[in-house]
Structures are given as structure tokens and as C-alpha cells.
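A.B. asks: Residue numbers (the working numbering): 320 to 594. Note that beta-carbon positions come from the ideal geometry of N, C-alpha and C, so glycine has one too. Remember, it's a predicted structure, so these values are computed and weren't measured experimentally. Structure provided below as C-alpha cells; questions to follow.
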């Protein structure tokens with residue numbers, strides 16, 4: 320056979336082989352792996368002691384409590400189970416030795432505020448971080464507790480972008496029902512470190528100054544005026560008086576001025592994604 324015929328036959332055979340061979344099977348795509356669930360916000364400063372008594376929410380303030388129990392261990396048991404009034408919890412508990420426990424993720428809604436109101440906000444469980452402090456209600460707060468609290472406040476306000484002046488007491492948000500932290504709590508010490516609202520040098524209020532309007536601006540619920548005044552005195556005067564005292568107007572005028580001088584919070588525009 321002539322060489323050119325041999326080449327033609329080889330080409331034909333090669334083409335026939337290619338036509339007879341099955342096409343390569345497509346390689347299967349890799350199976351998508353599910354993303355790991357987001358890690359809960361367990362604060363590395365605290366021992367994690369989880370409580371099931373919570374649901375989701377977003378915090379914009381911090382509420383301080385006292386346990387009014389005999390020990391941190393007893394408070395942990397109550398916060399992880401229930402008491403006579405039902406289930407309660409808090410995000411954090413500070414022992415009298417300064418040990419810090421976390422019971423609920425900061426992204427979750429702990430059940431610590433109950434029926435309460437502050438500055439028109441009535442669902443304080445959804446709006447706040449709850450911090451319990453081991454204290455029986457009549458004893459002084461320990462140096463170790465306050466040191467831990469200040470460290471925790473610095474951490475939380477920085478990470479969650481909570482305004483530092485919005486550190487308040489349970490008795491402030493529920494003046495009819497609650498009296499904690501007690502009049503012994505060192506609010507001035509917290510204010511010196513930058514947390515909570517505190518009066519500066521006394522300022523003489525102008526003629527016609529409305530102390531009740533200032534109380535409402537600060538955040539107090541005035542539906543029971545005597546209870547509100549008592550809560551104000553507990554926080555700012557270290558007593559439980561339910562009637563106005565000399566110097567109250569000066570304090571309220573300065574607190575009002577501080578709030579009115581604060582810059583407006585930044586408003587993030589809401590954008591609608593294009594289709």
C-alpha cells in the first residue's frame with residue numbers, strides 16, 4: 320500500500336476510535352459544607368456559667384443590680400434555675416471577691432429588668448445588659464467588686480458601643496418595685512471613671528426651672544412621683560427621701576444641661592438594595 324494511503328487509513332481509524340469512545344464523565348462539584356454556627360459572645364474576662372433563661376435582643380444601656388442573697392453561689396443557682404417569682408437571669412454576676420461570671424450571651428435577652436421604664440423605653444430586657452453584684456442590700460460593696468465592674472464596663476461599652484452615661488440602676492428603671500443597688504453603691508466612683516451620669520459643680524437653675532421635666536429628661540418614670548424622687552435620691556444623694564431636698568434642683572439642672580449638650584447620635588441611613 321502506498322504511504323499516502325496508509326496515512327489516510329490511520330487517520331480514519333483514529334477518528335473512528337474517537338467516535339466510539341464515550342465522552343469523559345463530568346466531575347461532580349464538591350458538596351457545599353455548611354458554615355459553622357456563629358460563636359456565642361462569651362466574654363474572656365468571665366467564667367462561663369450558662370443560664371437557659373434568655374431570648375434574643377440588642378442592648379443600648381447597662382443596668383446594675385444587687386443580688387440580696389447570702390452568696391454568689393446562691394445567686395448563681397437562682398439565676399440558672401428559678402425563684403418563687405419565676406425564672407430570672409442576668410448577663411453577668413460579680414462575686415464579693417471580684418470573680419466575674421457570665422450567664423447569658425450579650426446577644427441574648429436576659430430576664431433581669433422586669434416591669435420597668437427608662438427614657439420612654441419600656442422593654443428594658445431587650446435594651447440592656449444586666450449585671451448582678453453579690454450584695455445583701457445592707458453591706459458595703461467591696462473594692463474587688465468595683466474594680467471588676469469598672470473593667471467590665473470599659474469592655475462592654477467599647478465592644479457594644481453603648482453610651483457610657485447609660486449605666487443605671489435597677490431602682491432607677493423600676494422605682495416602685497426595686498431599690499437596688501442600695502444607697503451605699505459608689506455611683507460617684509463610677510462617674511469619676513467615666514460611667515453613668517453625675518452632677519458636676521452646682522449650677523443655679525434659672526427662674527422657672529422645672530425639676531419634674533428634668534427628671535423625665537434624665538430618664539425617670541414619673542407615674543409614681545414619690546418613688547421616682549426616692550430613686551433619684553438613692554442614686555445621686557445617697558438617701559431614700561421621697562420629697563424634694565435642698566440642692567436637688569441644682570443637681571437636676573446640671574444633669575439636664577449635660578444631656579442637652581451631648582452630640583446627637585449618628586444616624587445610619589437605611590438603604591434598599593437594588594433588585
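What are the residues that DSSP puts in a beta bridge with residue 431?
C.D. replies: According to DSSP, which records beta bridges pairwise, residue 431 is partnered with nothing at all.
A.B. asks: Comparing alpha-carbon positions, which option in 518, 380 and 572 lies nearest residue 526?
C.D. replies: Out of 518, 380 and 572, 572 has the C-alpha closest to the C-alpha of residue 526.
A.B. asks: Starting from residue 392, follow the alpha helix (DSSP H) in both directions and report where the run begins and ends.
C.D. replies: Unbroken alpha helix (DSSP H) run through residue 392: 391-399.
A.B. asks: Give the DSSP-derived three-state secondary structure of residue 456 in the structure shown.
C.D. replies: The answer is coil: DSSP assigns residue 456 none of H, G, I, E or B.
A.B. asks: Could you tell me which residues DSSP puts in a beta bridge with residue 379?
C.D. replies: Residue 379 is not bridged to any residue.
A.B. asks: Determine the burial state of residue 516: buried for a count of at least 16 other Cβ atoms within 10 Å of its Cβ, exposed for fewer.
C.D. replies: It counts as buried.
A.B. asks: Going by CA-CA distance only, name the one from 557, 485, 523 and 496 that's closest to residue 514.
C.D. replies: Considering only alpha carbons, the answer is 485.
A.B. asks: Name the DSSP beta bridge partners of residue 419, please?
C.D. replies: Partner(s): 413.
A.B. asks: Ordered along the chain, which non-local residues of its own chain (more than five positions away) have a Cβ less than 7 angstroms from that of residue 425?
C.D. replies: For residue 425, where only same-chain residues beyond five positions count, the Cβ hits under 7 angstroms are 360, 378, 410, 448 and 479.
A.B. asks: Quick check on the burial criterion: 16 or more other C-beta atoms within 10 angstroms. Buried or exposed for residue 519?
C.D. replies: Flag for residue 519 reads exposed.
A.B. asks: So, using beta-carbon positions, are residue 462 and residue 502 closer together than 8 angstroms?
C.D. replies: Result no, Cβ atoms of residue 462 and residue 502 do not sit closer than 8 angstroms.
A.B. asks: Indicate whether residue 489 and residue 384 have their beta-carbon atoms separated by less than 8 angstroms.
C.D. replies: Contact flag set, yes.
A.B. asks: Quick check: what's the CA-CA separation for residue 550 versus residue 427?
C.D. replies: Taking the straight line joining both Cα atoms gives about 28 angstroms.
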